[in-house]
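Asker: As given, the protein sequences belong to chains A and B, one line each in that order.
For any residue, its number in my numbering is found by taking its place in the first sequence, counting from 1, and adding 78.
For any residue, its number in my numbering is found by taking its place in the second sequence, counting from 1, and adding 130.
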Amino acid sequence: GENVEQHPSTLSVQEGDSAVIKCTYSDSASNYFPWYKQELGKRPQLIIDIRSNVGEKKDQRIAVTLNKTAKHFSLHITETQPEDSAVYFCAASRTYDKVIFGPGTSLSVIP
Amino acid sequence: KAGVTQTPRYLIKTRGQQVTLSCSPISGHRSVSWYQQTPGQGLQFLFEYFSETQRNKGNFPGRFSGRQFSNSRSEMNVSTLELGDSALYLCASRVGLAGSDTQYFGPGTRLTVL
């Protein structure tokens, strides 16, 4: 069945450094790849998403890249700040289909 | 627009009981999905309803069921509760049509089974 893997499971970086989280998906028909941030005790919030007809998308300090051939996509956060500390989830889906989430990455930004 | 809302926010039940959770989607959204979130298993997909019909289903036992009403509000029911059902149950809504796949999550219902 469909599966999304995510690495690393935990990540610790110094404030100001970059953080990279990588995901792979199994369903080659997947065409939508969102990233969610979940702070402790709060709901997951969409931070950026990318569709299969685009290779890269940026939004200020956040960027996502997609390699359809290799079936993997990555989240890049530059100039990390303490408020970036949270659990990040990648996900993949096809149109009309269920959204499958990766297991999450716990990011800690050390001041 | 108001966001996704869920009621109740917290529930405590005992084994063998049943429970019903409610989700009100963002106005105009016709799709509601349900997820179970536990520390060890992440976000596990339960099912999705679109225009009152179950459109997708995850790998959960038949004790987990749901429905959607004509106003797009959705309910999820768990019968014969087990200790392992203790989790945060999140619902998420989206428009549900092609090209509109962004999901917005509710705050969740924290279910504790004793």
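Idealized CB from N, CA, C, for every residue including glycine.
Fair warning: this is a prediction, and the values are worked out from it, not measured in the lab.
1) Inspect the CB distances between the stretch 203-210 of chain B and the stretch 149-156 of chain B and report whether three or more fall short of 8 Å.
2) List the residues of chain A whose Cβ lies closer than 8 Å to the Cβ of B/Gly192, in chain order.
3) Please determine, among B/Phe235, B/Arg240, B/Thr239, B/Val243, the residue with the shortest C-alpha to C-alpha distance to A/Gln116.
4) Mind reading off the beta-carbon distance from A/Glu134 to A/Thr143? Whole number of angstroms is fine, and I expect it under 8 Å.
5) For B/Leu211, which of helix, strand or coil comes out of DSSP?
6) Where does A/Val82 land, buried or exposed, given buried means 16+ other C-beta within 10 angstroms?
7) When Cβ atoms are compared, which residues of the stretch 134-160 of chain B fall closer than 7 Å to chain A?
8) Nearest-angstrom Cα distance between B/Phe180 and B/Arg197?
9) Under 8 Å Cβ-Cβ, which residues of chain A neighbour B/Thr232?
10) Go ahead and pull the three-state DSSP assignment for A/Pro112.
11) Note down the Cα distance separating B/Phe213 from A/Ile178, rounded to an integer number of angstroms.
12) Do you know how far the Cα of A/Ile128 is from the Cα of B/Gly146?
13) Within 10 angstroms of the Cβ of A/Tyr114, are there 16 or more other Cβ atoms? Answer buried if so, exposed if not.
14) So if I threshold CB-CB distances at 9 Å, which residues from the stretch 178-189 of chain B count as touching chain A?
15) Please look up how many angstroms separate the CB atoms of B/Gly188 and B/Phe177, rounded, as I've assumed it's under 8 Å.
Answerer: On the basis of the coordinates in this document:
1) yes
2) Translated into the one-based positions of the second sequence, residue 192 of chain B becomes position 62. Chain A residues near B/Gly192: none, gap ~18 Å exceeds 8 Å.
3) What you label residue 116 of chain A is simply residue 38 of the first sequence in a count that begins at 1. Of the listed residues, the one whose Cα sits closest to A/Gln116 is B/Phe235.
4) Here the question's residue 134 of chain A lines up with position 56 in the first sequence. Here the question's residue 143 of chain A lines up with position 65 in the first sequence. Right, their Cβ atoms sit about 5 Å apart.
5) Mapped onto the second sequence, residue 211 of chain B falls at position 81. Here B/Leu211 sits in coil by DSSP.
6) Translated into positions along the first sequence, residue 82 of chain A becomes position 4. It counts as buried.
7) none
8) Within the second sequence, the letter at position 50 stands for residue 180 of chain B. Within the second sequence, the letter at position 67 stands for residue 197 of chain B. Between B/Phe180 and B/Arg197, the C-alpha separation is close to 10 Å.
9) The residue given as residue 232 of chain B occupies position 102 in the second sequence. Within chain A, the residues near B/Thr232 are Pro112, Leu124, Asp127.
10) Looking up residue 112 of chain A in the first sequence gives position 34. Three-state result, A/Pro112: strand.
11) For this step, residue 213 of chain B is matched to residue 83 along the second sequence. For this step, residue 178 of chain A is matched to residue 100 along the first sequence. Going by the sequence as given, residue 213 of chain B is Leu instead of Phe. Near 25 Å, if we compare the C-alpha coordinates of A/Ile178 and B/Leu213.
12) Against the second sequence, residue 146 of chain B aligns to sequence position 16. Against the first sequence, residue 128 of chain A aligns to sequence position 50. In a straight line, the C-alpha of B/Gly146 is about 43 Å away from that of A/Ile128.
13) If you number the first sequence from 1, residue 114 of chain A lands on position 36. Per the 10 Å Cβ criterion, buried.
14) Glu178, Phe180, Arg185, Asn186, Lys187, Gly188, Asn189
15) Within the second sequence, the letter at position 58 stands for residue 188 of chain B. Within the second sequence, the letter at position 47 stands for residue 177 of chain B. The pair is a contact, with the Cβ atoms about 6 Å apart (cut-off 8 Å).
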